[in-house]
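Just so it is clear: in the sequence shown, position 15 is 168 by the working numbering, and no numbers are missing.
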Amino acid sequence: PNVSLNQAILAAGGFNRQRARQSEVSLIRLNPDGTVTKRDVEIDFGDSINNDSNPPLRSNDIVVVGRSSLASTSDFLNTLLSPLNGVFSIFRVFDGLGGLLTPSSRNP
Numbered sequence: 154p155n156v157s158l159n160q161a162i163l164a165a166g167g168f169n170r171q172r173a174r175q176s177e178v179s180l181i182r183l184n185p186d187g188t189v190t191k192r193d194v195e196i197d198f199g200d201s202i203n204n205d206s207n208p209p210l211r212s213n214d215i216v217v218v219g220r221s222s223l224a225s226t227s228d229f230l231n232t233l234l235s236p237l238n239g240v241f242s243i244f245r246v247f248d249g250l251g252g253l254l255t256p257s258s259r260n261p
């Protein structure tokens with residue numbers, strides 16, 4: 154309590170510049186009546202505390218930082234291509250064994 158959204162982000166170490174979408178975060182709030190609200194908040198570290206762009210956080214608030222486009226693309230490609238790593242590993246093993254199985258080029 155009594156901490157602004159910007160202060161909380163900075164206290165957590167700020168954004169990971171390679172992976173985080175730094176322009177906005179999602180604020181998920183448990184309201185006193187038991188309902189939950191989610192809203193996207195544009196981030197401007199120069200803003201003072203205000204309800205629009207730098208709201209004060211309450212107990213049980215959750216701040217979700219989304220992934221950047223680059224991180225999303227990288228994660229997608231990693232998921233797509235990771236099964237191929239096993240296939241290429243098998244080929245490397247057979248390639249390594251191939252050198253052991255071929256006749257030696259040494260002179261008798």
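Note that CB positions come from ideal geometry on N, CA and C, so glycine has one too.
Residue span of the beta strand (DSSP E) that contains residue i, given as start and end
i: Ile215; result: 215-220
i: Ile181; result: 173-183
Beta bridge counterpart(s) of residue i as assigned by DSSP
i: Asn203; result: Asn207
i: Ile162; result: None, per the DSSP bridge assignment.
i: Thr190; result: Arg182
Whole-number beta carbon distance between residue j and residue i, since they are thought to touch under 8 Å
i: Val189; j: Ile181; result: 6 Å
i: Asp193; j: Ser179; result: 6 Å
i: Phe168; j: Gln160; result: Incorrect: roughly 14 Å between the Cβ atoms, too far for contact.
i: Ile202; j: Pro209; result: 6 Å
i: Ser157; j: Asn207; result: 5 Å
Any non-hydrogen atom of the ligand ADP within 7 Å of residue i CB
i: Gly199; result: Absence of the ligand ADP from the depicted structure is noted, as is the absence of any ligand whatsoever, leaving it without description.
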